[in-house]
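A.B. asks: In my numbering, the protein residues as written are 85 to 408. Backbone N, C-alpha and C fix where the C-beta goes; we use that ideal spot for every residue, glycine too. Values in this document were obtained by computation on a predicted structure and should not be read as measured data. First the structure, then my questions, so here it is.
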Amino acid sequence: MQLLIRELRDRLGSSPRRAIAVLAAGSVLLVGCSAPAPTALRADGDAPVALATLQPGSVKTVPPTTARTAAKPPATSSAPSPTHSTAHPSPSSTAPKRVAVPKVTAAQLRALPVADTYARLRHAGIDVHAEPTGQLAHIARDTVAFRAPGGTPVAMIPHEEVGVATWLPVLAVRPGWLEVRLPSRPNGVVAWVPAPGIPTKSTSYRIVVSLHAGVMTIYRGRHVVGGWIVGHGRPGLPTPTARTFVMTRFHDPKQSFSPVIFALGAHSDAMASFEGGPGTIAIHGWPTYAGRHGGVSHGCVRVPGGALDALRNVPNGTPVDIKN
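Written out as C-alpha cells, the structure is:
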C-alpha cells in the first residue's frame with residue numbers, strides 16, 4: 085500500500101491530500117504487487133466456470149456485450165429501474181419557479197470546505213435513497229454548492245478530484261439547478277449547483293454490488309453487461325452500503341494485481357483513515373490468489389480481471405449502488 089501511495093504522490097504531487105490511499109489490505113496489497121500472478125483460475129467450487137478462462141494480468145478493453153464479460157449473475161439478480169429520479173415527486177401543474185443564485189461573499193468563499201474525498205461536509209444535505217437521473221455533471225471549474233436551490237452555500241466543488249476531471253451523478257433537476265452526489269463524508273452527502281455553465285452528458289451504465297450475494301453486476305440500461313463473484317469487507321471492516329459513484333480511476337500497468345483501480349465516492353464506516361488516506365472505498369483486482377470471495381478485504385470490492393475490463397468502459401460519475 086505504501087508503494088501505491090508513493091507512486092500516486094509522485095504522479096500527483098507531494099501533497100498528502102493529492103495521494104489517495106484506497107482501502108485495500110496494506111500487507112496483502114504489497115504481497116499482491118510483488119508475488120507472481122497465477123497462470124489461470126481453476127473452475128472449482130469457489131469460482132464459477134466463467135472465471136476459469138480468465139488470464140490474470142491480461143487487461144484489455146472488451147466491449148461490454150462480449151462473452152468475456154457475460155458471466156451472468158444469480159437468477160435473483162434483476163435489472164434496476166430505468167435511470168430516472170424516483171426520489172423526488174413529479175412536479176405539479178404549477179412548474180417550480182427559477183430560483184436566483186445567491187451572492188456569496190469573499191469571506192464565505194474562504195470558509196467553505198472543499199468537497200473532495202478528504203472532506204467531511206457538516207452542513208450539506210444527506211440523501212441515501214435518491215436515484216440517479218442518468219445525467220452526469222462535469223464540474224469544469226471550481227463551483228459553489230448549496231444546501232438547496234437559492235439556499236446556504238455548504239462547499240466548494242473542485243474541478244478535479246485527485247487530479248482527474250470531476251464528474252458527478254445528477255439526482256434531480258430544477259429550473260437553473262442540479263442536485264448532485266458528492267464524494268465526501270458522510271456517505272450519501274448531496275448538494276445543489278447552479279446549472280448554467282455546467283455541461284452534462286447521459287449514461288445508461290450502472291453498477292450494483294450485492295454484499296449478501298457477493299456479486300457485482302454492471303448494467304447498461306436494462307441490459308446486463310456482466311456479473312462476477314466478488315470479495316468485500318471482512319467482519320469488523322465491512323464494505324459500506326451506499327449509493328455512490330465512480331469518482332476516478334488510476335491506471336498503473338506495473339500493478340499486476342490491478343492495473344486499474346476505480347476509486348468510489350464512498351468511505352469506510354469503520355475507519356476514519358487508512359494508510360494515511362481518507363478511507364476511500366475502491367473497486368480493484370485480487371491482491372492474491374486466495375481471498376477472492378466473501379468477506380476478505382478492508383472494505384474494498386475485489387473483482388476478477390474480466391470485471392476490470394468491463395469497468396474500463398464506464399465513465400467517471402457512473403452510479404454505484406452497494407447494498408445488502
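Do the CB positions of residue 376 and residue 310 come within less than 8 Å of each other?
C.D. replies: Position 292 of the sequence shown, counting from 1, holds the residue named residue 376. Position 226 of the sequence shown, counting from 1, holds the residue named residue 310. No; because the gap between Cβ atoms is not below 8 Å, this pair is not in contact.
A.B. asks: Is the number of C-beta pairs between the region 263-270 and the region 346-360 that are closer than 8 Å three or more?
C.D. replies: Yes: at least three Cβ pairs fall under 8 Å.
A.B. asks: What residues in its chain sit with their C-beta under 7 Å from that of residue 363, if we drop five residues either side in the sequence?
C.D. replies: For the purposes of this step, residue 363 is taken as the residue at position 279 of the sequence shown. So the qualifying residues of the chain are 107, 351, 352, 355, 356, 357.
A.B. asks: Residues in the same chain with beta-carbon distance under 7 Å from residue 332, minus the five sequence neighbours each way, listed in chain order, please.
C.D. replies: Within the sequence shown, residue 332 is the residue found at index 248, counting from 1. 245, 246, 248, 347, 400, listed in sequence order.
A.B. asks: Quick one: using the 10 Å Cβ neighbour count with 16 as the cut-off for buried, is residue 178 buried or exposed?
C.D. replies: Numbered from its first residue, the sequence shown carries residue 178 at position 94. Flag for residue 178 reads exposed.
A.B. asks: Determine contact between the region 291-307 and the region 228-235, defined as no fewer than three beta-carbon pairs at a distance below 8 Å.
C.D. replies: They do not touch, by the three-pair rule.
A.B. asks: Express the C-alpha separation of residue 326 and residue 235 in angstroms, rounding to a whole number.
C.D. replies: Locating residue 235 in the sequence shown gives position 151, where the first residue counts as 1. Locating residue 326 in the sequence shown gives position 242, where the first residue counts as 1. Taking the straight line from one Cα to the other gives about 26 Å.
A.B. asks: Would you decide whether residue 278 is buried or exposed? Buried here means 16 or more other CB atoms lie within 10 Å of its CB.
C.D. replies: Reading the sequence shown from its first residue, position 194 is the one you call residue 278. Answer is buried; the Cβ neighbour count reaches 16.
A.B. asks: Is it buried or exposed, residue 180, if we count other Cβ atoms within 10 angstroms and call 16 or more buried?
C.D. replies: Mapped onto the sequence shown, residue 180 falls at position 96. Exposed: under 16 other Cβ atoms inside 10 Å.
A.B. asks: Tell me, to the nearest whole angstrom, how far the beta carbon of residue 301 is from that of residue 404; I am working on the premise that it is less than 8 Å.
C.D. replies: By 1-based counting over the sequence shown, the position of residue 301 is 217. By 1-based counting over the sequence shown, the position of residue 404 is 320. Contact doesn't hold; Cβ gap of about 11 Å is too wide.
A.B. asks: For residue 413, collect the residues of the same chain with a Cβ closer than 7 Å to its Cβ; drop the 5 residues on either side in sequence, then sort them by chain order.
C.D. replies: In the structure displayed, the chain extends from 85 to 408; residue 413 sits before or after that span and is not available.
A.B. asks: By a C-beta neighbour count over all protein chains shown, 10 Å radius and 16 as the cutoff for buried, is residue 221 buried or exposed?
C.D. replies: For this step, residue 221 is matched to residue 137 along the sequence shown. So residue 221 ends up on the buried side.
A.B. asks: Mapping the DSSP letters down to three states, classify residue 182 as helix, strand or coil.
C.D. replies: Start at 1 with the first residue of the sequence shown, and residue 182 comes out as number 98. If DSSP states are grouped into helix, strand and coil, residue 182 belongs with coil.
A.B. asks: Let me confirm a value: residue 195 is counted as buried when at least 16 other C-beta atoms fall within 10 Å, else exposed. Which label applies?
C.D. replies: If you number the sequence shown from 1, residue 195 lands on position 111. Classification of residue 195: exposed, given that the 10 Å Cβ count is below 16.
A.B. asks: Got a sec? Which residues, its chain only, sit under 6 Å from residue 291 by beta carbon, not counting five neighbours each side?
C.D. replies: If you number the sequence shown from 1, residue 291 lands on position 207. Around residue 291: 302, 404.
A.B. asks: What alpha helix (DSSP H) runs, 4 residues minimum, are completely inside the region 374-406?
C.D. replies: Qualifying alpha helix (DSSP H) stretches, in chain order: 389-395.
A.B. asks: Confirm, please, whether the CB-CB distance from residue 243 to residue 223 is below 8 Å.
C.D. replies: Here residue 223 corresponds to residue number 139 of the sequence shown, with the count starting at 1. Here residue 243 corresponds to residue number 159 of the sequence shown, with the count starting at 1. In contact: residue 223 and residue 243 (Cβ atoms closer than 8 Å).
A.B. asks: Should residue 281 go down as buried or exposed, given a rule of 16 or more other Cβ atoms within 10 Å for buried?
C.D. replies: Here residue 281 is taken as the residue at index 197 of the sequence shown, counted from 1. Residue 281 should be labelled exposed.
A.B. asks: Out of 210, 289, 380, 232, which one is the CA nearest neighbour of residue 396?
C.D. replies: Here residue 396 corresponds to residue number 312 of the sequence shown, with the count starting at 1. Considering only alpha carbons, the answer is 289.
A.B. asks: Between residue 235 and the ligand MN, is there a pair consisting of the residue's CB and a ligand heavy atom that are separated by less than 7 Å?
C.D. replies: What this structure holds is no ligand at all, so the ligand MN is not there to describe.
A.B. asks: Does the separation of the CB atoms of residue 392 and residue 340 fall below 8 Å?
C.D. replies: On the sequence shown, position 308 is the one that residue 392 refers to. On the sequence shown, position 256 is the one that residue 340 refers to. No, Cβ-Cβ distance for residue 392 and residue 340 is not below 8 Å.
A.B. asks: Straight-line CA distance for residue 258 to residue 237?
C.D. replies: Within the sequence shown, numbered from 1, the residue matching residue 258 stands at position 174. Within the sequence shown, numbered from 1, the residue matching residue 237 stands at position 153. If you take the alpha carbons of residue 258 and residue 237, they lie about 17 Å apart.
A.B. asks: Take residue 378 and list the residues in its own chain whose beta-carbon comes closer than 7 Å to its own, dropping the five residues that flank it on each side.
C.D. replies: In the sequence shown, counting from the first residue as 1, residue 378 sits at position 294. Taken in chain order, the residues that qualify are 298, 315.
A.B. asks: Enumerate in chain order the residues of its own chain whose CB-to-CB distance from residue 407 is below 6 Å, with the five nearest sequence positions on each side excluded.
C.D. replies: Locating residue 407 in the sequence shown gives position 323, counting from the first residue. Taken in chain order, the residues that qualify are 325.
A.B. asks: Is it right to say residue 388 is buried, meaning 16 or more other beta carbons lie within 10 angstroms of its own, or is it exposed?
C.D. replies: For the purposes of this step, residue 388 is taken as the residue at position 304 of the sequence shown. Its Cβ being crowded by 16 or more others within 10 Å, residue 388 is buried.
A.B. asks: CA-CA distance, residue 188 and residue 320?
C.D. replies: Within the sequence shown, residue 188 is the residue found at index 104, counting from 1. Within the sequence shown, residue 320 is the residue found at index 236, counting from 1. Taking the straight line from one Cα to the other gives about 43 Å.
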